[in-house]
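Asks:
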Amino acid sequence: MANVEEVKVNVAASVDGAERAVVGIQAVSDQLDQALVLLRMTAIGSFHPAAAAAIASLEQARERLDEATQLTRAGMESANMFRSLI
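Structure (structure tokens):
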């Protein structure tokens, strides 16, 4: 069984990994933003259902990435709280 210090080190490593994941999610989110801007500019004046569906899907993906970021940060906070209590 791991001692308290080993647990703290492992929790800290987990939080660091989650932080790297947040950075990656933010990079993907930025790429989606760029794709959305380009698609919206390209589709101006077009009311084609496929263009609207593409934009809606990308917007939904962007929202879910925001949710993933929020959940990851909440998990990091809880893990840090756990680490400080042990």
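In UniProt numbering, the protein residues as written are 1 to 86.
C-beta: ideal position from N, C-alpha, C; glycine also.
1) Determine, using beta carbons only, whether ARG73 and LYS8 come nearer to each other than 8 Å.
2) Considering only residues of the same chain and omitting the five flanking positions on each side of THR69, which have a CB-CB separation below 6 Å?
3) Taking the alpha-carbon of GLU77 as reference, which of GLU6, GLU5 and SER14 has the nearest alpha-carbon?
4) Could you pull the start and end residues of the alpha helix (DSSP H) that SER29 belongs to?
5) May I have the straight-line CA-CA distance separating ARG62 from LEU32, to the nearest angstrom?
6) Which residue marks the beginning of the alpha helix (DSSP H) containing PHE47, and which one marks its end?
Replies: If we stick to the structure as given:
1) Cβ atoms of ARG73 and LYS8: not closer than 8 Å.
2) Correct list, in chain order: VAL22 and ILE25.
3) Nearest option by C-alpha distance: SER14.
4) If you look at SER29, you'll find it in the alpha helix (DSSP H) that goes 4-43.
5) Answer to the nearest angstrom: the Cα atoms are 7 Å apart.
6) Here PHE47 belongs to no alpha helix (DSSP H), and DSSP marks it neither H nor E.
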